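Residue numbers (this note's numbering), protein chains in the order written: chain A, 1 to 321; chain B, 322 to 565. Cβ atoms here follow ideal geometry from the backbone N, Cα and C, with glycine treated the same way. Keep in mind the model is a prediction, meaning the values are calculated, not measured. See structure below.
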């Protein structure tokens with residue numbers, strides 16, 4: 001019953017937040033509307049990664065590649081062909097899922113760290129293509145001024161488009177995590193050997209999870225194009241992958257909404273501290289060290305109520321003595 | 322039902338199993354006994370596919386299963402428990418059992434349907450039959466050792482197996498827990514008509530329950546037969562009963 005209450009409460013809280021966010025552009029300056037859009041896109045990217053990292057314990061070290069593949073596919077289709085915008089958007093997401101399937105098929109044969117290492121190398125190949133193939137991708141300059149359909153080209157309309165897509169994706173991700181597929185994935189995370197012994201094809205299940213995660217990563221990439229109207233190779237660079245990995249750990253990788261919080265924190269740091277010093281990652285480093293020592297399961301993974309109870313009980317006991 | 326013929330497995334230079342033989346008839350409760358290091362666990366891991374044999378055949382319902390991966394062997398109707406409590410520590414007791422029930426009912430790949438509403442009855446029935454219904458919302462990792470071992474058996478039951486393989490179900494248990502567990506195993510065999518194969522290093526526990534006993538030493542099968550026969554066997558007496 002208690003968990004039922006919490007569930008209702010978190011549903012109400014998310015509904016209230018959603019309504020506030022719907023109204024936000026009407027009273028926020030344009031910069032902050034844009035800033036929130038960045039957080040939304042990054043949050044979706046981190047959420048998609050967390051399906052692998054937190055719920056599947058698959059060390060997807062180079063998730064940024066699929067973000068980039070989604071963005072490049074949609075961006076190139078919009079800039080160089082005359083296909084309708086919605087085909088470009090869907091193609092971007094599917095291309096990311098396809099890349100996830102191809103890279104995943106190789107990586108899935110390896111365990112844990114080796115999985116991540118191979119993914120970094122295969123992912124870097126795709127980065128190299130985007131970086132070097134000047135005639136198609138514009139190389140390290142990327143492509144700017146991609147024609148975005150009129151109804152989502154202004155800051156505010158892009159904001160709404162991103163917010164609505166994010167909302168739909170979060171609901172889908174929530175359903176997936178709560179579904180038999182998700183609960184089996186979490187069981188595999190806890191104990192793959194046991195799962196194989198109850199008749200689950202562990203590798204195929206994990207590969208499916210990767211394809212789903214990379215699909216949503218691709219959606220985030222498409223949203224980036226909507227927001228920025230440009231693409232560049234940094235989207236596929238491993239530094240970004242590391243950043244979103246940290247977002248998952250920071251927010252709480254065993255929780256559902258943790259990565260959103262992680263994304264909000266890191267994007268804020270980059271935006272506000274980054275204007276004062278390019279060494280903003282120094283602060284990130286300090287936060288990380290504190291995190292590892294005090295909150296190993298992330299900010300939302302910490303059971304505050306339980307710890308507070310234990311603490312007040314201990315205090316009461318001390319007074320009693 | 323299950324026939325193991327001349328099974329061999331080595332790890333480097335060490336021959337863990339050399340020429341093991343085993344017969345399990347449908348409906349029987351079969352025990353494998355032998356001192357620590359006799360190769361019992363290795364034999365079970367070979368049968369359920371965690372390890373691949375170097376040589377020999379494992380026939381289940383007349384099909385050779387010695388080359389199959391674990392999940393396919395499970396789908397053929399063999400479920401198992403492990404010697405160390407091999408559970409899903411972060412999930413609730415209910416979810417632990419539900420994972421195998423969902424897998425059995427081929428629902429594991431279902432997306433978008435809340436798992437909380439699927440296979441609830443079957444899962445509850447299994448938890449009830451092992452006496453853990455009152456603990457179903459507990460996080461599995463926080464259970465006592467005895468309860469974890471019982472949960473192990475419950476997870477295996479979720480697969481509705483024809484053959485249930487239990488690897489030292491009473492390892493690390495107190496005498497009371499041991500007899501409770503053996504009573505549970507006996508009851509499951511009778512109520513569900515399950516065929517059960519288990520191993521044990523304590524002789525006393527086995528003779529009361531098993532209908533057929535296979536004795537192993539140094540990776541070899543010494544003898545398999547009904548308890549009386551095994552007790553009379555001079556080689557067993559020399560190797561095991563007297564030797565302890």
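Between residue 475 of chain B and residue 451 of chain B, the C-beta gap is smaller than 9 Å, which places the two residues in contact. Chain-order list of chain B residues neighbouring residue 199 of chain A: 392, 395, 396, 424, 425 and 480, by C-beta distance under 7 Å. Bounds of any alpha helix (DSSP H) do not take in residue 377 of chain B; it lies within the beta strand (DSSP E) bounded by 376–381. A distance below 7 Å between beta-carbons, with the five flanking residues on each side excluded, links residue 130 of chain A to the following residues of its chain, in chain order: 68, 72, 137, 233 and 236. Residue 182 of chain A: member of the alpha helix (DSSP H) spanning 180–190, first to last residue. Scanning chain B for C-beta atoms nearer than 9 Å to the C-beta of residue 176 of chain A yields 432 and 433, reported in chain order.
Chain B places no beta carbon closer than 9 Å to that of residue 296 of chain A, leaving this residue out of the contacts. Residues of the region 364–392 of chain B with a Cβ closer than 9 Å to any Cβ of chain A, in chain order: 369, 370, 371, 390, 391 and 392. For residue 476 of chain B, at least one C-beta of chain A is nearer than 9 Å to its own C-beta. Rounded to the nearest angstrom, the gap between the Cα atoms of residue 180 of chain A and residue 256 of chain A is 16 Å. Against residue 436 of chain B, the close residues of chain A are 178, 179, 180, 181, 182, 183 and 184, in the order they occur along the chain (beta-carbon pairs closer than 9 Å). One thing to note: residue 118 of chain A has its Cβ no nearer than 9 Å to the Cβ of residue 434 of chain B. Selection A:302, A:14, A:267 and A:75 evaluated against residue 146 of chain A yields A:75 as nearest (Cα-Cα). By the criterion of a C-beta distance shorter than 7 Å, residue 96 of chain A is surrounded in its chain by 66, 69, 70, 214, 215, 217, 218 and 221, once the five residues flanking it on both sides are discounted. Residue 516 of chain B: member of the beta strand (DSSP E) spanning 516–521, first to last residue. Counting only runs of 3+ residues, the beta strand (DSSP E) found wholly inside the region 347–431 of chain B occupies 350–354, 376–381 and 399–402, in chain order. A distance below 9 Å separates the beta carbons of residue 470 of chain B and residue 502 of chain B. Annotation: the continuous beta strand (DSSP E) that includes residue 344 of chain B extends over 335–345. With a cut-off of 8 Å on Cβ pairs, the region 290–301 of chain A is not in contact with the region 75–88 of chain A, counting fewer than three such pairs. Taken in chain order, the unbroken stretches of alpha helix (DSSP H) that lie wholly in the region 195–249 of chain A and span 4 residues or more are 202–228. In terms of beta-carbon proximity, residue 187 of chain A lines the interface with chain B, with at least one pair separated by less than 9 Å.
Assignment of residue 525 of chain B by DSSP, reduced to helix, strand and coil, places it in the helix class. When C-beta atoms of the region 145–162 of chain A are compared with those of the region 403–421 of chain B, fewer than three pairs fall below 8 Å, so the two segments do not count as touching. Here the alpha carbon of residue 409 of chain B sits roughly 43 Å from the alpha carbon of residue 231 of chain A.
About 26 Å separates the CB atoms of residue 267 of chain A and residue 90 of chain A; that is not less than 8 Å, and the two are not in contact. Residue 157 of chain A and residue 151 of chain A have their C-alpha atoms roughly 7 Å apart. In its chain, beyond the 5 residues on either side, 280 and 283 have a beta carbon closer than 7 Å to the beta carbon of residue 273 of chain A.
Separation of the CB atoms of residue 105 of chain A and residue 207 of chain A is rounded to 7 Å, and the pair is thereby assigned contact status at 8 Å. Inter-residue distance for residue 98 of chain A and residue 26 of chain A is about 39 Å (C-alpha atoms, whole angstroms). Proximity of residue 273 of chain A to chain B, defined by a Cβ-Cβ separation below 9 Å, is not satisfied. Around the beta carbon of residue 59 of chain A, 16 or more other beta carbons lie within 10 angstroms, which makes this residue buried.
Listed in chain order, the non-local C-beta contacts of residue 528 of chain B below 6 Å within the same chain comprise 548, local neighbours out to five positions each way being set aside.
Rounded to the nearest whole angstrom, the CA to CA distance from residue 195 of chain A to residue 401 of chain B is 11 Å.
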